[in-house]
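Same order as they appear, the protein sequences are chains Z and E. Position 250 of the first sequence, counting from 1, maps to 750 under our numbering, and the rest follow consecutively. Position 175 of the second sequence, counting from 1, maps to 176 under our numbering, and the rest follow consecutively. Everything below concerns the one structure shown next.
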Amino acid sequence: MSDWAELSALSNFSFLKGASHPQEMVTQAAALGYAAIGLADVNTLAGQVRAHKAAAACGIRFLPGARLRALCGFEVIAYPCDRAAYAALSQCLTQANLRSKKGSCQIDATDIIALAQATRMVWIIVPGPQAPPPTPPEIWRRLLHHAGAHCYLLLAPYYTADDRSAWAQLRQLAQPLGLKLLAGSDALYHHPERRPLHDAVSCIRLKKKIFEAGYDLAPNAERHIRARDELARLFRDHPDALTNMGAIVAQCDFSLAELAYQYPEEICPAGETPQQHLVQLTYAGAEQRFPDGIPAALQKLLTHELALIAQLDYAPYFLTVYDIVRYARSRRILCQGRGSAANSAVCYCLGITAVDPSRLDLLFERFVSAERNEPPDIDVDFEHERREEVIQYIYQKYGRARAGIAATVITYRARSAIGELAKVMGLSPDISRAMLSLNWGGGSKPPQAEHIRSAGLDPDEPLIQTVLHLAAQLIGFPRHLSQHVGGFVITRDPLDTLVPIANAAMAHRTFIEWDKDDLDAMGMLKVDVLALGMLSAIRRSFDLLAAHYGLDYDLASIPPEDPAVYDMLCRAESTGVFQVESRAQMNMLPRLKPRDFYDLVIQVAIVRPGPIQGDMVHPYLRRRNGEELVAYPSAELESVLGKTLGVPLFQEQAMRIAVVAAGFSPAEADQLRRAMAAFRKTGMIEKFSKRFLDGMAQRGYAEDFARRCFQQIEGFGEYGFPESHAASFALLVYVSAWLKCHYPAVFTAALLNSQPMGFYAPAQLVREAQRQNVRVLPVCVNTSSAEADLEVVTENGVQQIALRLGFNQISGLPTQATARLLQMRAAHAFDSIADCVRRTALPLGVFERLARADGFAGLGLQRRQALWILRGLPDDPDKPPLPLFATLPDEPVDDIALPPLSIGAEVVEDYASLRLSLKAHPIGLLRPNLAAVRPLRDLDHIADGKKLNIAGLVICRQRPGSARGVVFLTLEDEDRTANIVVWPDCFERYRRSVIAGRLLEIQGHVQRQGAVVHLVARHIIDRSALLTKLGDVSEATDPQWQSSSARQIGRRTPRELPWRGQ
Amino acid sequence: MAERRILIIWLENWVADIHCPADLRAEAFGVTQSRQGGDYLADVNLAARQCGLRPDMRLTDARALVPNLKTTCFDSVLSQRLLKLCVQWATRFTPWVGQMEDHDLVLDITGCAHLFGGERRLTARIMAALAKRYINARIAVAGTIGAAWALAHYGSEPITLLPLGQEREALRRLPPAALRLDATTLALCHKLGLSRIEILAKLPRNEIRRRIHPDALSRLDEAVGYKGEVVSPARPLPVYQCQQSLAQPITELETIQQYLSPLIAALCADLVAAGRGAKRVDLRLTATDGRQLGQSIYLSKPVALASHITRLFEDRLERLSHSLVVTYGIDDIYLCASQTVPLTARQSGFVDLLLSQNPTEIGQAFFALCDRLGERLGQTQLLRSVPHANHIPERAISFVPSLAVQTVPACDPATPDERPIIMLPRAEPVEVIADIPEGPPRRFRWRRRLYTVVRAQGPERLSPAWWQSIGQHKAGTTRDYFRVEDDNGHRFWVYRDALYTEAVAPPLWYMHGFFA
């Protein structure tokens, strides 16, 4: 018999039931000589594409299907015989998913019968390891009635009691019904070695310790894919069950490859081809962009790109994206495209991006290649507060049946795997905590022996070894499906005929069961609809510019290449500016000295793990500053690296090097990038690494250069940053910098209203605005708006636009209350607190918050006085006073002498309710207590290597993974911020101060490199107690000084390691 | 009326103190408590406080600060038990001992202090006694509970003795928190700048009530003594006991039993009324010469049934009979249920039981039987078999003393397939002729007799519990069990130890049990 097929296996996409990856199952089946395999996971099609790909790679047939487990316990495997049957299966699963809550799928026996009635499908009934029923269950008969010729009964060796007699009994049940038999392994894992892991995942599922799981665990290791000769021996009495394997494979000639993707039709008016429509739209857009005639260069570019799009038939894709962008624009939602195809001339003309392609020199073919037959990739960023409108538009336009969000497969990472397994293996909480608190740097790799030892544990301890051994296998296992951040799939036919749809955790949100790699493999269109906070801030800036200055700008019309903007960036004054405001970026700005748009593109891309890991940053800076000769390793690489002075900085360049210098085909280079991105496939990476290095050596490149290039590709894998993305981001950098440079009040107001976002807390943003000579006015019950706003003030006879803080700055003030207040104030201003309370009829708690924020200062009432008055008012003016108060004999005494607030206490109160203070800086007030300390501005003129003693509020602390344990602190005093470097030995000595201190005094020496100045800490003194003194505060009411920095740590850059175990 | 004197003992580090093992007192140590969203520190010791740790910190934050922090889990039962002991201990100084929130003991020592050499010596003695047990405390004595509490918590010294009538003055400089106000009111005081009690006290009284909190005013009045506040002493633990003094000494066993029965009935009535059952009952017979004879019975289930206890004591009294002979007679009988637990199930008579067929009641009868057998044979002699969910047959059952088993034995619904009626205590080797690789025995020789197999079922394959052999050199082997029947109709349970694929030498066969 030649056509052996394993048709009863499942994979780890049957979450916590299967114990092998789909790829492993398929590869094992191929290795054992099977000609075909079907992987039917329980009530899902999630792992099918992976298995399909793996089978294609091994050269065996793959039968897509699902194992349907009904609520009554009936279990049957379904293999569709044709496209229609597949669609029906997918739709059946969709319906079952949608009526269940996230993560479960409730199928009824009637669903299965209905499916059998309507479609051509092979059915394999799985009786399971329990004893056969005395008579055939009713459901068998019903299934047979509808799908008789395609019905089989599974005989599988379980070795639990007496398989042989069980098979004989099953045969007796089946024969009178005409039910055919099928032999299989009913495999849960690919190899018996996986039994421990299978037991462990069962325990995770059952939330039991392995020592207590008892009969819930399998008694043996027999649920693996069996060798063919073994099956032949076991089933020698049932030869028909073996030959039926081939029969089923012959009946099911459906393959996933038949699922051809179709673009939706409504993107283009009837009677026009998509290509015609795209050409027409492109030229209409071009004329709008260039009213004085399209430049010849652009014309040439357009012709070229349109021809390529026509050749690859990508017009519908561009039209789909265009439609979404057009909608956003019609609703005045700011958006910006990025990604491989976004920086094309076509996208510029369609308005998908505002980056003028003539300012860059990006080759279209690099992104849309004829060789790689996959759709181009365009991500579109929208204002983060309004993205939902766009999503709703897509749903409404295409319907929920045809538009869906891709899944993200959440897999076990090292931490989650070790955490779960430690629990299962019964490690004490202390030991598992110690293992989890290790900083070994890898989400994908289990910790090594030396890491374990560093936590004071014995890596040879058998239980720990077992946990690590199992964790190594469990890492990468899918755990559950979740929705992708914004990847939309839009199809012509109902989406659920391609792939099942499931409920997401969020109400009214659904997602499909395949992730982006699956979609790529299936050649399905995906548009990423993403949210970006900075776009919201820029939109607000544009609105404020229009309202207060009468200026009408958009992303494309901001005056380009303004030297003043670049001057500001070169001084590293980038607080609040998109992307370049982090400590690392601020350090880089004065060294890179960006002077034009392309420099910004490089600036964005250079402070990234890729270039840093590949050690490309310093060579680039040296060459740029003329300290090193610009040379190219070869002439062929000059074309690749010309724009970046011979140093590869972008992902595309790294890929091109693989092609040009290491002899990879473009498709292989792309595989390489994917292999990197999908981490943990160490075997693959070693193979590629060898090919890459050998290839470059053959072409005569230095080994050192080759190695660095490869390291860089590895870095990109973890967090890649291609030029096409950098270019789109660079535009936002420029626009936000331009706004900050010329309209700081506008920019600050917009940032304050878009909180939380970016690196800095409101206190720092306001301070930065004040440094730029913006007048910032406090929250006032009579003048503030709901949000920060601009207001004309006259000072010394000069009219000036000032920034007025809004009610949104006050923590805990409900927005409805604000709206009510504004509504009642519209007629005329409030003249007293009582007036305010009476007219708004809001609960007194609202006014207490306002009083605490000193919002009644405009009425001449300090916060304590205002609170005193408020406490004397009846809670509800319409109600008669409570009997207790009614009995009070005397009139309330409103003007009582409360202890006055010191300026320090005022500042403390300001921080507590507004997260900032306009009155003074805490450090300024504490100067007398910090006698031996120099102000931070002294850093500017003290020579390199000199000792200095400084102090400041800690506004940011970081321990980037790339910096080998070095901690970076940012301190702030009354006039500026400073960066402190704490080396690991110093950190260990002052651990507590560094982690928990809010006000630090630091002794160290100055380190200067060009315009970049650091203080390297030697001694650290925690002076946080001074803050308590400042406002005469007790511990209970202490405001969170470090709320900014605490958030900072939460919002870490991708490479930053956590302070504590996640 | 003499001025009242109130003594407050604040056990400031109570939770950490009672949890901290002796060898960790010098190190940073914390007690953890799991709450929504993670583990928190319930309390920390002094060393940990000096490292900057505070109660209510997240454990992860604490570990970031002090990586080698030693911790243990909060045991609220322990805390309550010890606190109760503390209260009882304190009753030696005054009968009026109460307990307040936040680990405070309040003692009304009015007129008591002189018995202990005055307040100074009394407080020093309390302090020393607690320090000996490594319990940190702060103590204050004042004329009101409020003032004593305030000074214990916010006073500058660990021991404060406030002279008569100085309450108002002593409270002036303390923060409003010393008035035992709730957090919202305290926050309000803070916002209004009322940082000390004197500032608060200066405000018009009606305004305090109107704008701050009515409680603020009453607490203030209580503290300075305008308004009374009394100590409510902790109630003693209920004791279930009865006693009978006899007019004439008795020596006859039967007479003792006659007197004992009503005592048992009264004790059980008390227990039933309290909804409790006895786990241990002590009997003490006092002879006229002062000698005491004691007997205790232990019960495997809490019981409040007079007939059951009476029956158990009958056996015991027989054992006492020879001791009775040498006494001049018993003139006092004392009976005490020294261990009780809440009783949930109601008991009923035997006839009812048989009629009802109620499994829980049959269970009760079973336990009653266990108690009687245990009394006769000795509790350690009576063993019960206990099932374990384990695939390996010899590990699926164990024998433990009957008293240690609290539940009616129930079969695990998920037990594996048929198991033999008799299992050999140790599997015995068998010589076997069988098909390779995994066929059943055809013939085998066991205990020098040859058997011919006519029917066989299997194999049931049982792999070793890999998690039990972690760290051992030899993992177990996989066994294939067969149920075989010989030509005489005997049915055996035999297994092949190891698979052909995993064994180096040909695998051996064993006999493990019999079905019939």
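Note that the Cβ used here is the ideal one computed from N, Cα and C, for glycine as well.
Q: Name, going along the chain, the residues of the stretch 461 to 478 of chain E whose beta-carbon falls closer than 9 Å to a beta-carbon of chain Z.
A: Glu461, Arg462, Leu463, Ser464, Ala466, Trp467, Trp468, Gln469, Ile471, Gly472 and Gln473
Q. Looking at the C-beta of Z:Leu1401, does it have a partner C-beta in chain E at a distance below 8 Å?
A. As a position in the first sequence, residue 1401 of chain Z is number 901, starting the count at 1. Yes - at least one Cβ of chain E is within 8 Å of the one on Z:Leu1401.
Q. Helix or strand or just coil, what does DSSP make of Z:Gly926?
A. Translated into the one-based positions of the first sequence, residue 926 of chain Z becomes position 426. Residue state, collapsed to three classes: coil.
Q.
So, for Z:Ile1423: in the same chain, excluding its five sequence neighbours on each side, which residues have a beta-carbon less than 8 Å away from its beta-carbon?
A. By one-based count along the first sequence, residue 1423 of chain Z stands at place 923. Taken in chain order, the residues that qualify are Leu1430, Ala1451, Gly1452, Leu1453, Glu1472, Asp1473, Glu1474 and Leu1499.
Q: Identify whether Z:Ile878 lies in helix, strand or coil by the three-state DSSP scheme.
A: Here the question's residue 878 of chain Z lines up with position 378 in the first sequence. Z:Ile878 falls in the coil class under three-state DSSP.
Q. Any idea which residues DSSP pairs Z:Ser982 with across the strands?
A. Taking the first residue of the first sequence as position 1, residue 982 of chain Z is located at position 482. Note: Z:Ser982 sits in a beta bridge opposite Z:Thr908.
Q: May I ask you to list the residues that DSSP assigns as paired with Z:Cys651?
A: Position 151 of the first sequence, counted from the first residue, corresponds to residue 651 of chain Z. Answer is Z:Trp623.
Q. Is it true that the stretch 958 to 968 of chain Z meets the stretch 85 to 98 of chain E, where meeting means three or more beta-carbon pairs spaced less than 8 Å apart?
A. no
**Q.** Beta-carbon proximity list for E:Ile127, same chain, < 7 Å, skipping 5 on both sides
**A.** By 1-based counting over the second sequence, the position of residue 127 of chain E is 126. Answer for E:Ile127: Ile10 and Ile140, listed in chain order.
Q) What span of residues does the alpha helix (DSSP H) with Z:Phe818 cover, start to end? A) Counting from one through the first sequence, the residue named residue 818 of chain Z turns up at place 318. Ala815 to Ser830 is the extent of the alpha helix (DSSP H) around Z:Phe818.
Q. Where does Z:Pro1389 fall in DSSP's three states?
A. Numbered from 1 along the first sequence, position 889 holds the residue referred to as residue 1389 of chain Z. Only weak support is given to the placement of Z:Pro1389: the predicted model assigns it a pLDDT of 48, under 50, and the value that follows is read from those uncertain coordinates. Coil.
(Q) Classify Z:Asp1028: buried if its beta carbon has 16 or more other beta carbons within 10 angstroms, exposed otherwise. (A) In the first sequence, residue 1028 of chain Z corresponds to position 528, counting from 1. Classification for Z:Asp1028: buried.
Q: Taking the CB atoms as reference points, tell me whether Z:Glu506 and Z:Gly684 lie closer together than 8 Å.
A: If you number the first sequence from 1, residue 506 of chain Z lands on position 6. If you number the first sequence from 1, residue 684 of chain Z lands on position 184. Their beta carbons are under 8 Å apart, which means Z:Glu506 touches Z:Gly684 by this criterion.
Q: Give the interface partners of Z:Leu1350 over in chain E, defined as CB-CB distance under 8 Å, in chain order.
A: Sequence index remark: in the first sequence, residue 1350 of chain Z carries index 850 (1-based). Here the premise fails: no neighbours, minimum Cβ distance about 13 Å.
**Q.** Contacting positions in the stretch 200 to 218 of chain E - beta carbon closer than 8 Å to chain Z
**A.** Ile200, Leu204, Pro205, Asn207, Glu208, Arg210, Arg211, Arg212, Ile213 and Pro215
Q. Taking Cβ positions only, does E:His513 come closer than 8 Å to chain Z?
A. The residue given as residue 513 of chain E occupies position 512 in the second sequence. Answer no: the Cβ-Cβ gap between E:His513 and chain Z never drops below 8 Å.
Q. Of all the alpha helix (DSSP H) runs that stay within the bounds of the stretch 1051 to 1117 of chain Z, which reach a length of 4 or more residues?
A. 1063 to 1070, 1083 to 1092, 1097 to 1106 and 1109 to 1113
Q) For the alpha helix (DSSP H) that Z:Ser1413 lies in, which residues bound it at each end? A) Sequence index remark: in the first sequence, residue 1413 of chain Z carries index 913 (1-based). From DSSP, the alpha helix (DSSP H) with Z:Ser1413 extends over Ile1403 to Leu1414.
Q | Burial state of Z:Ala1397 (16 or more Cβ within 10 Å) | A | In the first sequence, the residue the question calls residue 1397 of chain Z occupies position 897. Exposed is the call here.
(Q) Does chain Z have any CB closer than 8 Å to the CB of E:Gln458? (A) Mapped onto the second sequence, residue 458 of chain E falls at position 457. Closer than 8 Å: yes.
Q.
Suppose the cutoff is 6 Å on Cβ atoms and the five residues either side in sequence are ignored; what does the same chain contact list for E:Glu503 look like?
A. In the second sequence, counting from the first residue as 1, residue 503 of chain E sits at position 502. Excluding positions up to five away in sequence, the list is empty.
Q: Measure the CB-CB distance between E:Leu47 and E:Asp57 and report whether it falls below 8 Å.
A: Counting from 1 along the second sequence, the entry for residue 47 of chain E is found at position 46. Counting from 1 along the second sequence, the entry for residue 57 of chain E is found at position 56. Not closer than 8 Å, so no.
Q: Look up E:Phe30 in the DSSP assignment and give the residues it is bridged to.
A: Counting from 1 along the second sequence, the entry for residue 30 of chain E is found at position 29. In DSSP, E:Phe30 forms a bridge with E:Lys71.
Q | Burial state of E:His392 (16 or more Cβ within 10 Å) | A | Walking along the second sequence from the start, residue 392 of chain E turns up at place 391. Under this definition E:His392 is a buried residue.
(Q) So, at 8 Å on beta carbons, what are the nonlocal neighbours of E:Ser403 in its own chain, with the 5 sequence-adjacent residues on each side left out? (A) Reading the second sequence from its first residue, position 402 is the one you call residue 403 of chain E. Hits under 8 Å: Ser301, Cys371, Leu374, Gly375, Gln380, Leu383, Leu384 and Arg385.
Q.
So, at 6 Å on beta carbons, what are the nonlocal neighbours of Z:Val1266 in its own chain, with the 5 sequence-adjacent residues on each side left out?
A. One-based indexing of the first sequence puts residue 1266 of chain Z at position 766. Once the five neighbours on either side are set aside, the close Cβ partners of Z:Val1266 are Val1276 and Leu1416.
**Q.** Own chain, CB closer than 7 Å to E:Arg169, minus 5 neighbours either side, in chain order
**A.** Here residue 169 of chain E refers to the residue found at position 168 when the second sequence is read from its first residue. Here the set comprises Val225.
Q | Distance, Z:Ala1412 Cα to Z:Phe1097 Cα | A | Indexing the first sequence from 1 puts residue 1097 of chain Z at position 597. Indexing the first sequence from 1 puts residue 1412 of chain Z at position 912. So the two alpha carbons sit approximately 41 Å from each other.
**Q.** Proximal residues, the stretch 707 to 721 of chain Z versus chain E, C-beta separation under 9 Å
**A.** Ile710, Phe711, Glu712, Ala713, Gly714, Tyr715, Asp716, Leu717, Ala718, Pro719, Asn720 and Ala721
Q: Out of Z:Ile1502, Z:Glu1501 and Z:Val1516, state which residue places its alpha-carbon closest to the alpha-carbon of Z:Arg1508.
A: Within the first sequence, numbered from 1, the residue matching residue 1508 of chain Z stands at position 1008. It is Z:Val1516.
(Q) Counting C-beta neighbours from all protein chains within 10 Å, is the total for Z:Ser520 16 or more, i.e. buried, or is it exposed? (A) Position 20 of the first sequence, counted from the start, is the residue given in the question as residue 520 of chain Z. It is buried - the Cβ of Z:Ser520 has at least 16 other Cβ atoms within 10 Å.
Q) The beta strand (DSSP E) spanning E:Phe515 covers which residue range? A) Here residue 515 of chain E refers to the residue found at position 514 of the second sequence. Unbroken beta strand (DSSP E) run through E:Phe515: Leu509 to Phe515.
Q) Can you list, in chain order, the residues of its chain whose CB lies under 8 Å from that of Z:Leu1618, leaving out five sequence neighbours each side? A) Here chain Z comprises residues numbered 501 to 1562, so residue 1618 of chain Z is not present and cannot be evaluated.
Q. Does DSSP classify Z:Met1595 as helix, strand or coil?
A. The requested residue 1595 of chain Z does not occur in the structure, where chain Z is confined to residues 501 to 1562.
Q. What are the boundary residues of the alpha helix (DSSP H) that includes Z:Asn543?
A. One-based indexing of the first sequence puts residue 543 of chain Z at position 43. It is not in any alpha helix (DSSP H) - Z:Asn543 carries neither H nor E in the DSSP assignment.
Q | Chain-ordered neighbours of E:His392 on chain Z, where CB pairs are closer than 9 Å | A | Taking the first residue of the second sequence as 1, we reach residue 392 of chain E at position 391. Under the 9 Å cutoff, chain Z gives Gly714, Tyr715, Leu717, Ala718, Pro719 and Asn720.
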